[in-house]
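Structure, as C-alpha cells:
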Amino acid sequence: MVPWRPEPEPLPTPAAERERRSSRRSGHSSDSLPSELAAELLRGVPVDACLSRFGEHFRRDSQEDGYPLSQSTHCIDFFLSHDWHTSGWKKTVALLLYFNGVPAAVVTLCVCILTTGLEWANQLPGGWATATTATYTTYLLVFCFWQRIRRFCRSSVPVVFLDRLCIDQQDDDRKRRGIQGLAGFLATSKKLLVLWTPKTFTRLWCAFELAHFLRPESGGKPVEILPVPLALLLMLTCVLNLVFWSFFHIWLHIESTANGELVSGEGDFWVVFSALIVFSPVFAVCYTLQASIGIDHVRELRNLEGYTRNFSVRDAECFCCKVGHVHPDTGEEVLCDRALVYQTLRRWYTQSEADRARSMEGHLDSFDVAVRELMRLLFTEGLGSGTPPLRLILALAALSPLALLPQYVHIARTEADRARGWWTEPWEERFAEEHFEEYFWKWIAAFVHVPAVSLFQFWLAINTSKIGAIVSLSFAKWKAVVAVVFTNIFLLGGFWAPYSYCSFPKEALKFLGVGVYFSVVLLGTYSWQYWHTLQRIFCWGNTGDSGLLVYLQRSGTPGDLEDDVTPIVSVVYDRRRSSSLMHRSTSPSLEGPYAPQPGDVFQVVLRCPNYPGWRSHCSQVCLVADCEKQTQEELPGELSKDWQELSENAFYRLWAALGDSESFLTLDSSHLSLAGQEKQKVFKAAKEITSEDQRGPELLMERVHRIARPSALPRKVLEGAQRLLQKLVLSAVLSSPEKVDES
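Going by our numbering, the first residue of the sequence shown is number 6, and it counts up by one from there.
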C-alpha cells in the first residue's frame, strides 16, 4: 500500500543449494531454524477464509481452532507479517482495502453503467433510486466478499500464510515443528506483505520474517508495506465522503424540483433544515476522527526514520523472554525463540569461520546493517512519505460519484423532456430539440464537481494531517485536531466556491470552465503528491533506480564465486534522482565490522530496473558478480567517492554484458543513461573494458560466462549478451570509445 514500487521477480537463485552450502560452513544444527519444511506441514489459507468473521482470526485472545481452514500447498502468494497487539478488525479492514478495494470499484462501475443506461432509456423500475441503491449495495458486497465471489465462480483466490491458521495450535509437536519451520514458509512465499503499525518491527518474529526476505538467496522477492493506520484513514475519508454526498442526494432532489430557486417552499426548507440537523453531528464526528487518526499516523511516521536508523534485533521483543521462558498458564518451560532466531541469523549472515571467531555477534551486526540500509529506502522514502497508492484512492473515491450519476442523468432527462414539451407546434420542433440539448447537457456538465470534490477530500485527508502533526508539537492534540478540521472545511469551501457561484442559474458553458478549473487544481495537487511516481513512469530526467546492490566479501573468505561464497549485505547503492533534493548519488558510510578494509572484495547484484517497458525483458536477470580489478584493489578505511565511481563502472560493464540488444538495451545514450548515470561515464566504462586487452568483447564474454555459472542464468540471456557485444563492436563503441565521447 505504500508508494514502494513493485519489482518484477528475477530468476531465483538455487536457494536449497545455497542453504546447504551455508549450513555446511556455519555448522547448522537443530539449535537454529531450518529453511526446509516437511510437506505435510506446509499449508496456506485462502484469503477469503483469512478475512472471514471480520477479524476473529487476528484476535490475540481468540480460542477458535482455525487450522482446518488451511490447506496443503506448494506455494504461498502472500506471507502476512503482523503483530498481535493491533486490533484484529483494523488489520481486516486494511486487508479488505488491499485485496478488494479495486475490484469493488470496477464491478460497481459496470453496474452503474448498466443501471444508468436503463434509467436514460426510462426502462429501470424505481428510477434513479434503484440505480443508486444498486451502486451502493454492489460496492459494499464486493468490498466485503469479493474473494468469496471469486471462489463461488470457481476462480482461484490468493493463498496467504497466517501463523494461527497455518500452524496447528492443538497438537504441541506439530506446533513446535511448524514454528521452527517458519523459514520454510517464508522460502515458499512469493511476497512479504507487512501489516505495518509502530509495534511491527519491535517484535522479534517480524524482524526474522524481514530478515529472510533481505537475504541475497531470496532472489529479490518483493516486500510490500500496508500501513494499517493509513488504511483506516482512507476508509474514514470514504465514510465522510458518503455522508457528505448522502446529504447532497436530498439537496439535489429539492433543487431539481425548485424551478431554479434555492428552496421552492416552506416544506423544502424544513427538509433541508432537518437534514442538516441529522448530518451535522455525523460530519463533526467523521472530521474529528479523520484528523485525529491522521495526526497520529504522521507522528508515527516522523518517528520511523529514527527507529530505522537505530534498529537492532537485540532490542526486539519476544513472548518467551517476556514471561521468563515459563508459560503463564501452564507453568511449563518455553523454548527460547530468541536463541533459535539468533542461530538462524548466524547461519544466514556469517561469512566465514574467521568472521565467527572475530565477533560472536557479528551476524547480528550484519543483519542490523542490512535492515538499516534497505529499510531506509523501503520505509523512509516509501512508507515514510505517507502517500498511499493512487489506485486505492481512486477505488474509494469512485463510490459517491458513481452513486450520484444516475440521479444527475434522471434530472437531465426529465428537465430536457419538460423543456421540449414547451414547443408543441410542428414549426417549433427545431427549438424543442435545442432546448432539450441545453437542459440535458447543463446537468451532465454540473456532475463534474462530484468526482472532483471527492478526490480533493482525499488529498486533504492525507496532507492536512501533516499540518496537524506540526501544530501538535507546540500545542495540545485537541487544538491540532480543531486546526485540521477548520483547515479542511476552509480549503474544501474554497475549492468548491466556483461551482457554487455558477450553479444559479446553471449553464453548460459555465460548468465547462469550472471543469477546467477543477482539472488544473487536481492535476497540480496530485502531481505534486505523486511526483516521484510520475518521474519513474515517464522516465523524466535521470530518475532510474539502477538496481545496484553491493555486498561485502571479506578477503579472508576461502574460495571464489564458484565455491561456497555467500556475500553479506553491506550497503544499498541508491541511484534515485527523484527530486531536486536528490540530485546526487547517496552511499552512506558503513560502520563497525562492515566498513571497507584493505584487501576486501565487493560484489554486485544486478537487479531489474523499474521502468514498466523493461520489466518483461529483464525479469530473468539476477547476477552476482565480482567487480574484479576495480574493487579488488586495496581500499581506504572509509567509503570514498572513488569507490562509488569504481562501483558504477563495474555495474555498467555487467549491465552491458547482460543486455538484449533487440528489445532491452540499445546504443542510444539516453537509454544507457537510464541505468543511472550520464553519457560520459557510460562510455568511460566501455573504454575501460578494452584498455586492458585487445579482445575486449571476447574477454568480457569470458568473464560473464565465469560469473554466470553459479547464478544459473538461462542460455537465452547469455545469447542476448553475445548479440549486444557484437553490435557494440560493429558500432565502434568498444573499439573506438574516443569517437563516441566526442559525439
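Glycine residues also receive a C-beta, built at the ideal position from the N, C-alpha and C atoms.
- Following the DSSP letters along the chain, one finds Gly106 in no beta strand (DSSP E) but inside the alpha helix (DSSP H) bounded by residues Gly93 to Trp125.
- Pairing Thr419 with Gln534 gives a Cβ-Cβ distance that is not under 8 Å.
- Gln462 carries a helical assignment under DSSP once its states are collapsed to helix, strand and coil.
- Residue environment analysis places Gly473 among the buried positions, since at least 16 neighbouring C-beta atoms fall within 10 angstroms of its C-beta.
- For the pair Pro51 and Val164, the CB atoms are nearer than the 8 Å cut-off.
- Assignment of Trp256 by DSSP, reduced to helix, strand and coil, places it in the helix class.
- For Gln76, the secondary structure class from DSSP, reduced to helix, strand or coil, is strand.
- Judged by beta-carbon spacing, Phe218 lies beyond the 8 Å limit of Gln152, meaning their Cβ atoms are not closer than that value.
- Thr207 has its alpha-carbon roughly 22 Å from the corresponding atom of Gly183.
- Counted as a single uninterrupted DSSP element, the beta strand (DSSP E) harbouring Ser194 occupies residues Ser194 to Trp201.
- Of the residues assessed, Cys117 falls on the buried side of the cut-off, its CB having 16 or more other CB atoms within 10 angstroms.
- By the criterion of at least three beta-carbon pairs nearer than 8 Å, the stretch 55 to 73 is in contact with the stretch 89 to 96.
- Per DSSP, reduced to three states, the secondary structure at Ser317 is coil, with no helix or strand assignment.
- Here the stretch 301 to 312 makes no contact with the stretch 239 to 251; the two share fewer than three CB pairs at distances below 8 Å.
- The residue among Leu209, Phe252, Val283 and Arg179 with its C-alpha nearest the C-alpha of Cys341 is Leu209.
- By the beta-carbon neighbour count (other beta carbons within 10 angstroms, threshold 16), Trp133 is buried.
- Ranked by Cα distance from Leu294, the first of Glu69, Val486 and Leu47 is Val486.
- Taking a 10 Å sphere around the C-beta of His79, we find fewer than 16 other C-beta atoms and assign the residue as exposed.
- Residue nearest to Arg377 within the set Leu85, Pro456, Phe190 and Leu215 is Leu215 (criterion: CA-CA distance).
- Counting every other CB atom within 10 Å of its CB across the protein chains shown gives Leu191 a total of 16 or more, marking it as buried.
- Contact between Ser317 and Asp373 holds, with the beta-carbon distance rounding to 5 Å and staying under 8 Å.
- The DSSP-derived three-state label of Pro232 is strand.
- Contact fails between the stretch 396 to 403 and the stretch 124 to 142, because fewer than three Cβ pairs, one in each stretch, are under 8 Å apart.
- Distance between Gln185 and Val248, taken at the CA atoms: about 49 Å.
- DSSP lists Val165 as the bridge partner or partners of Val50.
- Residue environment analysis places Ile230 among the buried positions, since at least 16 neighbouring C-beta atoms fall within 10 angstroms of its C-beta.
- Excluding sequence positions up to five before and after Trp464, its CB lies within less than 6 Å of the CB of Thr530, all in the same chain and listed in chain order.
- Secondary structure at Phe157: helix, using DSSP grouped into helix, strand and coil.
- The Cβ-Cβ distance between Tyr413 and Phe452 falls below 8 Å.
- DSSP, reduced to helix, strand and coil, places Val489 within a helical segment of the structure shown.
- Between Ala212 and Arg48, the alpha-carbon positions lie close to 22 Å from each other.
- Per DSSP, Asp82 is one residue of the beta strand (DSSP E) stretching across Ile81 to Ser86.
- If you draw a straight line from the Cα of Trp536 to the Cα of His454, it is about 24 Å long.
- With a 10 Å radius around the Cβ and a threshold of 16 neighbouring Cβ atoms, Gln175 comes out exposed.
- Under the three-state reduction of DSSP output, Arg65 falls in the coil class, being neither helix nor strand.
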